[in-house]
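Just add 212 to the spot in the sequence shown (first one is 1) and you have the numbering used here. Heads up, the thing below is written out as structure tokens.
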Amino acid sequence: MTSDWQLAQINVGRLVAPRGDAAVQPFFDALDRINALADQSPGFIWRLQAEGGNATEIEVSPDPLFIIKLSVWTDSDALFAYVYRSGHTPEMARRREYFNVSEGAYQALWWVPTGAIPTINDGLSRLWQLDRFGPSLHAFTFKARFAPPDRAGPPVDMQPDPWCVGRA
């Protein structure tokens, strides 16, 4: 069954040190491998990247330590499998070593029409919506995942614990 909707996701963070610093070098050393894993994962469609192959080179704010990841997947199960059940998971578990604690939403999910590519501003606005108003069909998380608009229903907890609870 083909869907008229695909899942977009954004996650952001503020590094504890600039690129090249030993404190964050393991993060950057793993980046190409983790991006390649995403590219080859079932359900992967697209990810934001600069000429160098990743999004960390894209300046989205005046803060050079602020980085962004933006991608599109066929559905929430495909993204969940990549994030929480693949070689990405052990790297994600180390995020506290590389990123400052977030004061607001650092990840948002939302549905886009099949074939649509979200912009950075789309993603940042979804984080803002989630931060200000909580999970909704407009912006949600794996803890309160909404079905695509054509299959509306109550939010579902996909149980990402313990990886996503409490900190960025």
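Positions of the beta carbon are idealized from the N, C-alpha and C atoms, including for glycine.
Which partner residues of Ile-246 appear in the DSSP bridge assignment? Taking the sequence shown and counting its residues from 1, the one referred to as residue 246 is at position 34. Ile-246 pairs with nothing; no bridge assigned.
Are the CB atoms of Ile-332 and Leu-260 nearer to each other than 9 Å? If you number the sequence shown from 1, residue 332 lands on position 120. If you number the sequence shown from 1, residue 260 lands on position 48. Closer than 9 Å, so yes.
Does the beta-carbon of Ser-283 have 16 or more other beta-carbons within 10 angstroms, so that it is buried, or is it exposed? Stepping through the sequence shown from its first residue, residue 283 is reached at position 71. Flag for Ser-283 reads buried.
Where does Ala-305 fall in DSSP's three states? Counted from its first residue, the sequence shown places residue 305 at position 93. It is coil, neither helix nor strand.
Measuring only the C-alpha atoms, how far is Pro-302 from Arg-308? Mapped onto the sequence shown, residue 302 falls at position 90. Mapped onto the sequence shown, residue 308 falls at position 96. Taking the straight line from one Cα to the other gives about 12 Å.
I need the DSSP call for Phe-444, collapsed to helix, strand or coil. The first residue shown for the chain is 213 and the last is 380, placing residue 444 beyond what the model contains.
Since Ala-293 is in the alpha helix (DSSP H), which residue starts that stretch and which ends it? One-based indexing of the sequence shown puts residue 293 at position 81. Run containing Ala-293: 288-296, per the alpha helix (DSSP H) assignment.
Quick check: the Cα distance between Ala-380 and Ser-215, rounded to an integer number of angstroms? Position 168 of the sequence shown, counted from the first residue, corresponds to residue 380. Position 3 of the sequence shown, counted from the first residue, corresponds to residue 215. Here Ala-380 scores only 33 on pLDDT, less than 50, and its place in the model should not be relied on; the value that follows carries that caveat. Straight-line Cα distance between these residues: approximately 31 Å.
Exposed or buried, Ala-250, counting other C-beta atoms within 10 Å across all chains shown (16 or more means buried)? One-based indexing of the sequence shown puts residue 250 at position 38. So Ala-250 ends up on the buried side.
Output the distance between the C-alpha atoms of Thr-268 and Ile-329, rounded to the nearest integer angstrom. Locating residue 268 in the sequence shown gives position 56, counting from the first residue. Locating residue 329 in the sequence shown gives position 117, counting from the first residue. Roughly 18 Å between the two C-alpha positions.
Could you check the C-alpha separation between Val-313 and Arg-231 for me, to the nearest Å? Taking the first residue of the sequence shown as position 1, residue 313 is located at position 101. Taking the first residue of the sequence shown as position 1, residue 231 is located at position 19. Near 18 Å, if we compare the C-alpha coordinates of Arg-231 and Val-313.
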